[in-house]
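Reading through the structure tokens given below for one structure.
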Ligand SMILES: Nc1ncnc2c1ncn2[C@@H]1O[C@H](COP(=O)(O)OP(=O)(O)OP(=O)(O)O)[C@@H](O)[C@H]1O
Ligand SMILES: [Mg+2]
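Residue numbers (full-length UniProt numbering): 1 to 371.
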């Protein structure tokens, strides 16, 4: 596949802060690629380096196959939509969208045609004569987007463009953005700290932590097969359940052990090479949807709380004095708060991490959805 953007070993420091720490990735033509990570992990810095607003200390940036590292922003064929989308409040919407074309001295007939087209794509036609400062936040956001789209850049860079609109509008705009992107086929590099947004919007996601890229994959790969404890903790709502302990081997069988708690891990050992973790501190992770109430289950606990979540029940089950896990079950399941239950886990969907390094042991025979 063709890379519209290629970032090769890019680093950037600000004084003592390493904002971006040797990252490399490629964005393919026509995809929505998202940089996802917690606040301060270096997303904006990466985007600004690609846009040419920041110079990397080391590494190269390629756009459309061309090395643009030493080119100014206006020669890079990209457009950046900022977090705080600055519209010109006193100009009308048409003038706002036309701004970049005017700067480029596009003839007025052509300019009008392009502005009207983009306005139509984004559903701004009815606002073209309104003052930009008077329209709603979601329209202002679209104006900022339109200003970029109208100059037809090779790549659209978007830095948390939906953070300022309310939750409901955000959801709608996410869908619209996706739909528009599909329709016009533009390449988008999107930045967000919101994992749900990234999962819903992206073709591929690059998860960042402390200036580094920790995993790249499709939303399903990232959700289903987190390669580190960090990604497992960061992705999914509700979050994954975690139980810490020491991996022990007794009589050839593997267990997760903590105080008097002992959970057999044989079923999971079919998927991972756990031998390398014997006697080490580990963290076991599983999602609520990958566990169920089952009299033969390996885990035991007592139900603390029962929540109705749509068409299922979320049971909060205390399995250790300081560990409560969430398990989904059918709304028709006969359960009562305070009662003891056993939980079985889908062994192919249980994740094991070395607690110290946060890393996953090697899979056995490429199973467990390893790409
Ligand atoms: N111009 C600057 N001067 C000094 N430090 C900076 C500068 N820009 C960014 N940083 C620091 O670099 C690190 C990465 O910042 P960056 O803005 O790229 O993170 P981010 O992932 O976009 O975070 P957020 O989700 O909060 O927007 C942070 O520690 C930040 O404080
Ligand atoms: Mg940022």
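C-beta: ideal position from N, C-alpha, C; glycine also.
Per-residue DSSP class, three states only, for residue i
{"i": "residue 354", "result": "strand"}
{"i": "residue 369", "result": "Reliability of the predicted coordinates at residue 369 is poor, the pLDDT of 43 falling under 50, and the value obtained from them is presented with this limitation in mind. DSSP places residue 369 in coil when its eight states are reduced to three."}
{"i": "residue 225", "result": "coil"}
{"i": "residue 175", "result": "helix"}
{"i": "residue 130", "result": "coil"}
{"i": "residue 200", "result": "helix"}
{"i": "residue 326", "result": "strand"}
{"i": "residue 312", "result": "strand"}
{"i": "residue 292", "result": "strand"}
{"i": "residue 359", "result": "strand"}
{"i": "residue 56", "result": "coil"}
{"i": "residue 249", "result": "strand"}
{"i": "residue 109", "result": "helix"}
{"i": "residue 1", "result": "coil"}
{"i": "residue 208", "result": "strand"}
{"i": "residue 115", "result": "helix"}
{"i": "residue 45", "result": "helix"}
{"i": "residue 20", "result": "strand"}
{"i": "residue 10", "result": "strand"}
{"i": "residue 346", "result": "coil"}
{"i": "residue 120", "result": "helix"}
{"i": "residue 75", "result": "helix"}
{"i": "residue 100", "result": "helix"}
Cβ-based burial, residue i [other Cβ within 10 Å; buried from 16]
{"i": "residue 336", "result": "exposed"}
{"i": "residue 269", "result": "buried"}
{"i": "residue 86", "result": "exposed"}
{"i": "residue 14", "result": "exposed"}
{"i": "residue 34", "result": "buried"}
{"i": "residue 290", "result": "buried"}
{"i": "residue 107", "result": "exposed"}
{"i": "residue 103", "result": "exposed"}
{"i": "residue 4", "result": "buried"}
{"i": "residue 1", "result": "exposed"}
{"i": "residue 241", "result": "buried"}
{"i": "residue 238", "result": "exposed"}
{"i": "residue 285", "result": "buried"}
{"i": "residue 12", "result": "buried"}
{"i": "residue 120", "result": "exposed"}
{"i": "residue 222", "result": "buried"}
{"i": "residue 76", "result": "buried"}
{"i": "residue 339", "result": "exposed"}
C-beta contact flag for residue i and residue j at 7 Å
{"i": "residue 348", "j": "residue 271", "result": "yes"}
{"i": "residue 195", "j": "residue 235", "result": "yes"}
{"i": "residue 187", "j": "residue 36", "result": "no"}
{"i": "residue 150", "j": "residue 97", "result": "yes"}
{"i": "residue 344", "j": "residue 318", "result": "no"}
{"i": "residue 355", "j": "residue 246", "result": "no"}
{"i": "residue 100", "j": "residue 60", "result": "no"}
{"i": "residue 224", "j": "residue 361", "result": "no"}
{"i": "residue 199", "j": "residue 219", "result": "yes"}
{"i": "residue 164", "j": "residue 142", "result": "no"}
{"i": "residue 232", "j": "residue 351", "result": "yes"}
{"i": "residue 261", "j": "residue 315", "result": "no"}
{"i": "residue 229", "j": "residue 82", "result": "no"}
Integer Cβ distance of residue i from residue j, believed to fall under 8 Å
{"i": "residue 78", "j": "residue 155", "result": "5 Å"}
{"i": "residue 26", "j": "residue 6", "result": "5 Å"}
{"i": "residue 158", "j": "residue 190", "result": "5 Å"}
{"i": "residue 178", "j": "residue 201", "result": "6 Å"}
{"i": "residue 217", "j": "residue 21", "result": "No, residue 217 and residue 21 are not in contact; Cβ-Cβ is about 20 Å, not under 8 Å."}
{"i": "residue 312", "j": "residue 331", "result": "6 Å"}
{"i": "residue 88", "j": "residue 132", "result": "6 Å"}
Can at least three beta-carbon pairs, one atom from the segment 62-79 and one from the segment 44-54, be found at a separation below 8 Å? Contact between the segment 62-79 and the segment 44-54 is established, with three or more Cβ pairs separated by less than 8 Å.
Say whether the segment 159-174 touches the segment 202-209, bearing in mind that this needs 3 or more beta-carbon pairs closer than 8 Å, one atom from each stretch. Between the segment 159-174 and the segment 202-209 there are fewer than three C-beta pairs closer than 8 Å, too few to call the two in contact.
Mind the definition here: the segment 36-47 touches the segment 92-109 only if three or more C-beta pairs lie below 8 Å; say whether that holds. Too few Cβ pairs lie closer than 8 Å, so no.
Is the segment 242-260 close to the segment 273-284, with three or more CB pairs under 8 Å? Taking 8 Å as the limit for Cβ pairs, the verdict is that the segment 273-284 does touch the segment 242-260.
Counting Cβ pairs, one atom from each stretch, are 3 or more of them under 8 Å apart for the segment 319-336 and the segment 296-307? Touching, yes, given that three or more Cβ pairs across the two stretches are closer than 8 Å.
Contact shell at 5 Å, judged by CB to any heavy atom of ligand 4, ordered along the chain: With respect to ligand 4, the structure shown offers nothing to examine, as its ligands consist of ligand 1 and ligand 2.
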